[in-house]
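**Student:** Okay, here's the structure, questions in a sec.
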Amino acid sequence: MTKHKIASLPFAVWMLIFTILPLGMVIWFAFTDSKGTFTFDNILKIADFSETFLISILLGALATLICLVMAYPVAFIISRTGERVQQTLVMLTMMPMWMNFLLRTYAWMSILEDKGFINQFLGLLGMEPIHMINTRFAVVVGMVYNFLPFMIIPLYSVMVKIDKSIIEAAEDLGSNGFQVFRRILLPLSAPGIVTGITMVFVPAVSTFVISKLLGGGKEWLIGDFIENYFIGTAKDYNIGSALSLVLMVLILLCMAVTGLVDRDEEKGGIGG
Amino acid sequence: MKVLSKVYTALIFFFLYAPIGVLILFSFNDSKSRVTWHGFTLKWYEELFNNDQLMDALIVTLSVAALTAVFATIIGTVSAVGIHSLGKRMKRVFLTVNNIPMVNPEIVTAVSLLLIFVFVSEATGWFEMGFLTLLLSHITFSIPYVILQVSPKLRQMNAHMYEAALDLGCSPVRAFFKVVLPEIMPGILTGALMAFTLSLDDFVISLFTSGSSAQPLSVVIYSMTRHRVSPEVNALSTILFVTVFVLLLVVNIAQMRDDAKKKAAR
Amino acid sequence: MKKILLAGMCAVMAAVTLASCSGGNKNDIWDWESEPKAEGRGVTLNVYNWGEYISDGSEGSLDVNAAFTHITGIDVNYKMFDTNESMYALISAGAADYDVIIPSDYMIGKMANEGLLAELNFDNIPNFKYIDPQFRNMSYDPENKYTVPYLWGTVCIFYNKTMVDEADLDQGWDLLWNEKYSGNILMFDNQRDAFAIALKKLGYSMNTTNKAELDEAAAELKKQKPLLQGYVMDQIYDKMGNDEAALGPYYAGDASIMATENENIGFLIPEEGTNKFVDAMCIPKSSEHKAEAEEYINFMCRTEIALANADFVCYATPHTEAKKLLDPEISENPIYYPSNEVLDKAELFIAYPDEINKYMDSLWMDLKK
């Protein structure tokens, strides 16, 4: 098949033009001013955004953790059902993606508001209303909701490969539920956890809109600032690029620090 | 335990579908309110078809998704074949590059594409931000997913079959179409479906690269969330959602029947 | 003194029950379909307007663009924008060939200065005679060469009568800083509008280029932030309509939408003065169908059409005849058509120089951290 090496050329050219060069542009803009001269000013200005970065990362990490806790059992349950039921449940997990993401986030507004559906329901039960909308809590709910499928699917695709007999063998040998989880399930599903965390954490940290719609626009996340610098009122590609660059590096660092970067890991099958 | 896991699964799916239920329900609401029910109506569905802005956006969305699926699948498949034939080291480099658009935050990819498009269009004047830039961006973020679907199929394929075809006098191109393509077809189809879905669902990259002349649905809806989301949008999304839902359900049921038949035949 | 008091009372007591616009069947206004249908002229006009800013045939209203095509034989390709800035970006880049655009005052001034607008031939727009002289020769177009006003309005405070004390209503813009309503106040999520309010509250011009004054305004906004439920734009309809928030500023023309949704909503225009805006029809210099575009503008100034638009959009019309035909509950309502005292104190936005824009950007983003 070596004769087909030439077939990798279009890919190389495409990726060069549309992935490598554009990233080069981001770096170039991050280190120049509006006249194109080299400067560190943009990067230095990022210090003003340190709190925003911190909040974005913390909220993103919290959302990721909640997703993991919520998704893990459900992924396991799905992986233990019959083949056709599995297929249906996986399909159902991915289906919400077909409803526009903004509309779904908007629907959460109606659900979480002071006079929204949850509080209407609590009212019926005679309970005091809970204030949820326009808080960090609401923003995290929005993140968890939007990215939960990205956690379920990779977990599921790893777990489905775990042989039932291994678990049964362990149980026969007297392991309790927790031991089975600790000794067998957790190590075997680790690659899925890594992929899931990547797939939730990255979009959660860099999200915009969710913070505006569910957070009341009082506390912008880093994605909101990037948006504002590129297509909002404050057009400044240089600072915007610097923010993007730092965001990218920080995310890579976060992944590296937790020792979770696994390059060969394939992303779980979206839509598949 | 069984019951518990069923309840838990049901709860998770309730969480996933409750907002969608709210959206669908309020597409029938006889008011623009998104919280208070004012009675049943179909008027948003009627008005939807007179809303040129939404209809134009729908056409942009569907045509970009279809074209993305076609181009990304072709480029992705050819690339996968090419990468498959490379040595170990080069393969690693290529796959790392392939991972960039998937691991990078979407907003950074979006920003980087915006920069290159603005730069080239200002330098050359060849194009404006619009349908073309939108399509190029969608193809770019879809290719890696196609490659990821096709590559494993190539690995699983028996390489000797291709060589045997050559020995028997097939030209390489003919051998590719006759022997390789049928083998990797399932991967190609999944890849195409994935490209279509990703393109359809995309918002972040579209927002940065579409300009104002060709706005897909997600971008139009975003401009509405800054204003007021009209229930017509809910109606349109409901139609799209239900169509896909029913389609997938039918496919699923057909497969189940197929299985049952096969079982009976055995 | 008595007069001033009266004016103040007027402003405050505008909390009258509001009739809503757009009731009844619009074909009552003009049954254009029974007019003779013109031959197609093979010309298509590209019209660029704000979203939901024309009577478009929905909910039984008069379809203005369809009527125009029927009467004149000119086709219309109608597109919408959502900010002056996005419209400006498109026109100034020369990316699109629009024939009629409807920007707001300050943007018109900017575009005229940059030579982006064509001078109108008013011989082709005889219906200009209906335009109230008060809305001619505005500061953004002092010789009235480029524009024909379309609709106008002011910014007012919307409040929920069950949640806001009547005694507090004379506080003017300070009402939006009242700690009593902490957590129930909404604010513009739009820097120019938000700063305008803070500047007015401080007694400065909303067009100030004095950075110290802008800094003060920013400090006021910072003080206000903890009291806010959120920064919103059109979401205010749902939030106010559903008793979700007690008060917030918005464009007066939208009062009708709120009134239909929640009868407890009142309106007031603070005495310190407010922002007045005029959206006007212009023709970009790049238009290739200037005569037809003027025909369109003239058509928009027909009494029936101006009436249909004013009735549908519910912003105030500068068209004298159309105003007379409006439901008096609308045309005599001080929210939709404020008194001259109120209007005299109101300011039009003027386009900021880039430097001030940038400065405001940074103050605004600082607020959002």
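Chains as they are written, first to last, in our numbering: chain A, 7 to 278; chain B, 33 to 298; chain C, 41 to 409. By construction, the Cβ of each residue, glycine as well, lies at the ideal position given by its N, Cα and C atoms.
#1: Would you mind reading off the limits of the alpha helix (DSSP H) that contains T156 (chain B)?
#2: What residue from B:N82, B:D84, B:R66, B:N61 has the CA that sits closest to T73 (chain B)'s CA?
#3: Of the residues C:A362, C:E332, C:L160, C:I94, which one's Cα is nearest the Cα of D115 (chain C)?
#4: Drop a sphere of 10 angstroms on the beta-carbon of R189 (chain A), count the other beta-carbons inside from all chains shown, and report buried for 16 or more, exposed for fewer.
#5: Any beta carbon of chain B sitting closer than 8 Å to that of K167 (chain A)?
#6: Ordered along the chain, which non-local residues of its own chain (more than five positions away) have a Cβ less than 7 Å from that of L94 (chain B)?
#7: Around the C-beta of H170 (chain B), are 16 or more other C-beta atoms found within 10 angstroms, so that it is buried, or is it exposed?
#8: Comparing C-alpha positions only, which one of C:Y271, C:A346, C:N224, C:I237 sits nearest to M405 (chain C)?
#9: Closer than 9 Å by beta-carbon distance: list the chain C residues that pair up with E57 (chain A), in chain order.
#10: Tell me whether L85 (chain C) sits in a helix, a strand or coil according to DSSP, three-state version.
#11: When the Cα atoms are used, what is the spatial distance from G201 (chain B) to A36 (chain A)?
#12: Taking one C-beta from the stretch 170-182 of chain A and one from the stretch 248-263 of chain A each time, how about it: are there three or more such pairs within less than 8 Å?
#13: Hey, which unbroken runs of the alpha helix (DSSP H) at 4 residues or more fall wholly within the stretch 154-211 of chain B?
#14: Let me see if you follow: with CB-CB separation under 8 Å, is S111 (chain B) close to chain A or not?
#15: Let me know the secondary structure DSSP gives K398 (chain C) once reduced to three states.
#16: Going along chain C in order, which residues have a C-beta closer than 8 Å to the C-beta of K224 (chain A)?
#17: Quick check on M115 (chain C): does DSSP put it in helix, strand or coil?
#18: In chain C, which residues lie less than 8 Å from E174 (chain A) when you measure between Cβ atoms?
#19: So, is A249 (chain C) buried or exposed, given that buried needs 16 or more other C-beta atoms within 10 angstroms?
#20: DSSP three-state call for N65 (chain C): helix, strand or coil?
#21: Distance, Cα to Cα, I61 (chain A) vs E233 (chain A)?
#22: Which two residues bound the contiguous beta strand (DSSP E) that contains C196 (chain C)?
#23: 8 Å is my cut-off, CB to CB: does P51 (chain B) come that close to chain A?
#24: Report the residue from A:C260, A:I257, A:V255, A:N244 whose alpha carbon sits nearest the alpha carbon of K51 (chain A).
#25: What is the rounded straight-line gap between the Cα of M205 (chain A) and the Cα of N153 (chain C)?
#26: Which whole runs of the beta strand (DSSP E) in the stretch 280-364 of chain C are 3 residues long or more, in chain order?
#27: State the start and end residues of the unbroken beta strand (DSSP E) segment that holds Y271 (chain C).
#28: Can you pull the chain A neighbours of F103 (chain B), defined as C-beta to C-beta under 7 Å?
#29: Go through its chain and collect everything with a Cβ distance to V143 (chain B)'s Cβ below 8 Å, but skip five positions before and after it.
#30: Give the range of the beta strand (DSSP E) segment to which I173 (chain A) is assigned.
#31: Hey, could you find the ends of the alpha helix (DSSP H) I56 (chain B) is sitting in?
#32: Taking all protein chains shown into account, decide if V265 (chain B) is buried (16 or more other Cβ within 10 angstroms of its Cβ) or exposed.
#33: Have a look at the DSSP bridge pairing and note the partners of D419 (chain C).
#34: In the stretch 206-256 of chain C, which residue ranges form an unbroken beta strand (DSSP E) of at least 3 residues, counting only runs that do not cross its ends?
#35: Would V283 (chain B) be called buried (16 or more neighbouring beta carbons within 10 Å of its own) or exposed?
#36: Do W104 (chain A) and Y151 (chain A) have their beta-carbon atoms positioned less than 8 Å apart in this structure?
**Tutor:** Let me spell this out:
#1: Taking the first residue of the second sequence as position 1, residue 156 (chain B) is located at position 124. Residues 138-156.
#2: Position 41 of the second sequence, counted from the first residue, corresponds to residue 73 (chain B). The option with the nearest alpha carbon to T73 (chain B) is B:N61.
#3: Sequence index remark: in the third sequence, residue 115 (chain C) carries index 75 (1-based). Ranking C:A362, C:E332, C:L160, C:I94 by Cα distance to D115 (chain C) puts C:E332 first.
#4: Here residue 189 (chain A) corresponds to residue number 183 of the first sequence, with the count starting at 1. R189 (chain A) should be labelled exposed.
#5: Within the first sequence, the letter at position 161 stands for residue 167 (chain A). It does not; no Cβ of chain B falls within 8 Å.
#6: On the second sequence, residue 94 (chain B) is found 62 positions in, with the first residue counted as 1. If we look at L94 (chain B) and ignore the five residues flanking it on each side, it has no Cβ neighbours.
#7: Taking the second sequence and counting its residues from 1, one reaches residue 170 (chain B) at position 138. With a threshold of 16 other beta carbon atoms within 10 Å, H170 (chain B) meets it and is buried.
#8: By 1-based counting over the third sequence, the position of residue 405 (chain C) is 365. Nearest C-alpha to M405 (chain C): C:Y271.
#9: The residue labelled residue 57 (chain A) in the question sits at position 51 within the first sequence. Ordered by position in chain C, the residues that pass the 9 Å Cβ test against E57 (chain A) are K409.
#10: Against the third sequence, residue 85 (chain C) aligns to sequence position 45. Strand, per DSSP.
#11: For the purposes of this step, residue 201 (chain B) is taken as the residue at position 169 of the second sequence. For the purposes of this step, residue 36 (chain A) is taken as the residue at position 30 of the first sequence. Rounded to whole angstroms, G201 (chain B) to A36 (chain A) spans 56 Å at the Cα level.
#12: no
#13: 163-188, 191-199, 204-207
#14: Residue numbering aside, residue 111 (chain B) sits at position 79 when the second sequence is read from its first letter. Yes, its Cβ sits closer than 8 Å to a Cβ of chain A.
#15: As a position in the third sequence, residue 398 (chain C) is number 358, starting the count at 1. The answer is helix: DSSP assigns K398 (chain C) an H, G or I state.
#16: In the first sequence, the residue the question calls residue 224 (chain A) occupies position 218. Within 8 Å of the CB of K224 (chain A), the CB atoms of chain C belong to K265, L268, G270, Y271, K408, in sequence order along the chain.
#17: Position 75 of the third sequence, counting from 1, holds the residue named residue 115 (chain C). According to the sequence shown, residue 115 (chain C) is Asp rather than Met. Correct three-state label for D115 (chain C): strand.
#18: In the first sequence, counting from the first residue as 1, residue 174 (chain A) sits at position 168. What E174 (chain A) touches in chain C: nothing, since even the nearest Cβ is about 53 Å away.
#19: For the purposes of this step, residue 249 (chain C) is identified with residue 209 of the third sequence, where counting begins at 1. Note that residue 249 (chain C) is Thr in the sequence shown here, rather than Ala. With fewer than 16 Cβ atoms within 10 Å of its Cβ, T249 (chain C) is classed as exposed.
#20: Within the third sequence, numbered from 1, the residue matching residue 65 (chain C) stands at position 25. With a pLDDT of 49 at N65 (chain C), under the threshold of 50, the modelled position of that residue is not reliable, and no figure is offered here.
#21: As a first step, residue 61 (chain A) must be located in the first sequence, where it is residue number 55. As a first step, residue 233 (chain A) must be located in the first sequence, where it is residue number 227. Distance between the alpha carbons of I61 (chain A) and E233 (chain A): 17 Å.
#22: Your numbering for residue 196 (chain C) matches position 156 in the third sequence. Residues 188-200.
#23: Start at 1 with the first residue of the second sequence, and residue 51 (chain B) comes out as number 19. True, the Cβ-Cβ gap to chain A drops below 8 Å.
#24: As a position in the first sequence, residue 51 (chain A) is number 45, starting the count at 1. For K51 (chain A), the nearest C-alpha among the options comes from A:N244.
#25: Walking along the first sequence from the start, residue 205 (chain A) turns up at place 199. Walking along the third sequence from the start, residue 153 (chain C) turns up at place 113. Approximately 49 Å, taken between the alpha carbons.
#26: 287-291, 305-308, 315-321
#27: Within the third sequence, numbered from 1, the residue matching residue 271 (chain C) stands at position 231. Where Y271 (chain C) is concerned, the enclosing beta strand (DSSP E) stretches over 268-272.
#28: Counted from its first residue, the second sequence places residue 103 (chain B) at position 71. What F103 (chain B) touches in chain A: nothing, since even the nearest Cβ is about 10 Å away.
#29: The residue labelled residue 143 (chain B) in the question sits at position 111 within the second sequence. So the list reads F240, once near-sequence residues are dropped.
#30: Your numbering for residue 173 (chain A) matches position 167 in the first sequence. That residue, I173 (chain A), is in no beta strand (DSSP E); its alpha helix (DSSP H) goes 170-178.
#31: Taking the second sequence and counting its residues from 1, the one referred to as residue 56 (chain B) is at position 24. Where I56 (chain B) is concerned, the enclosing alpha helix (DSSP H) stretches over 34-58.
#32: Taking the second sequence and counting its residues from 1, the one referred to as residue 265 (chain B) is at position 233. Classification of V265 (chain B): buried, given that the 10 Å Cβ count is 16 or more.
#33: Because residue 419 (chain C) is not part of the residues shown, which for chain C are 41 to 409, the question remains open.
#34: 225-228
#35: For the purposes of this step, residue 283 (chain B) is taken as residue 251 along the second sequence, with counting starting at 1. V283 (chain B) should be labelled exposed.
#36: On the first sequence, residue 151 (chain A) is found 145 positions in, with the first residue counted as 1. On the first sequence, residue 104 (chain A) is found 98 positions in, with the first residue counted as 1. It is not a contact, given that the beta carbons lie outside the stated cut-off.
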